[in-house]
Every structure is written in structure tokens, then in C-alpha cells.
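Numbering (the numbering used here), first residue to last: 409 to 566.
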């Protein structure tokens, strides 16, 4: 419940900055939409990601670079897609013609996690294993449909 309240207040703050006080009143509607409501009913890492990402965007709009860096770092630490907060951060730097380094925080967190993972396992993060140079893009390396379907359905023990 505290995370849901934090997300709701964050949505309200974000909407107020983007559309004014009247827009902020739509925050409860966003919380009640099926994708968000379903997300809040599960204990998962998506909830902290949504909380920290929302507040990172509020900090970005308020030009609070340190708070953005902290919230973006926490979002990335809770789940790797938080690193995508660098996109609005770099866009804000370009639009404001004001270059800051808060956008480096999620990259540093993900880089640190990738380094720790590499030291412990000897390989890249699993989510990075399917990207270009790290993995083969050759369809011949993929399991065939028959291989996959043979693992599905009832098994005969005979």
C-alpha cells in the first residue's frame, strides 16, 4: 500500500507539472486502470520501478538533477529497464541546452550490476545475452518449433 500511495502521489505530481492542477486529478483514474491496478496487486519488482521512475520524471521536470539521479539509480537498481530513464534525461538536457550528468546514474548502476554479475558468473547479464554481438542472430542456432513443442503437453511414460 505505501508504494501504491507513492505512485499515486507521483502520478499526481507528474500530471500537475505537465497539465496543471486539473490534470493532476486524473491520477486516481490512472491508478485504477487495469494494467496499473493489476501491477499494484502483485508483489513484484515492477512496483518499485514504477514508483522510482515516476518520481525521477517529476525531478527531471523540476530540474532537480541530484534527485533525478537518485530516483533513476533506484529505479535501475530495482529493475534493469530503469536505465531507459536516460532517454528523457538526455532529451531534457538537449531541449534545455543545459548539460548535466544525472543521466549517468542509471548507466552506472546497471554497469556496476553487470560487472558484479560477470565476476560472479563469468558471463553477461541474461537480459543482455540476446543483444547483437553477444549472441548469435543466426536462426539456425535457435531451437526448432518441433524441439519446443515436444516439451509441451502430456507426457507418455512407456
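Note that the Cβ used here is the ideal one computed from N, Cα and C, for glycine as well.
Bounds of the alpha helix (DSSP H) holding residue 473 are 473–486. Here the alpha carbons of residue 533 and residue 522 stand approximately 6 Å from one another. Of all C-beta pairs linking the region 482–489 to the region 454–471, three or more are shorter than 8 Å, placing the two stretches in contact. Distance from the CA of residue 529 to the CA of residue 491, rounded to the nearest whole angstrom, comes to 22 Å.
With fewer than 16 other Cβ atoms inside 10 Å of its own Cβ, residue 427 counts as exposed. Under the 10 Å beta carbon count, residue 468 is surrounded by 16 or more other beta carbons and is classified as buried.
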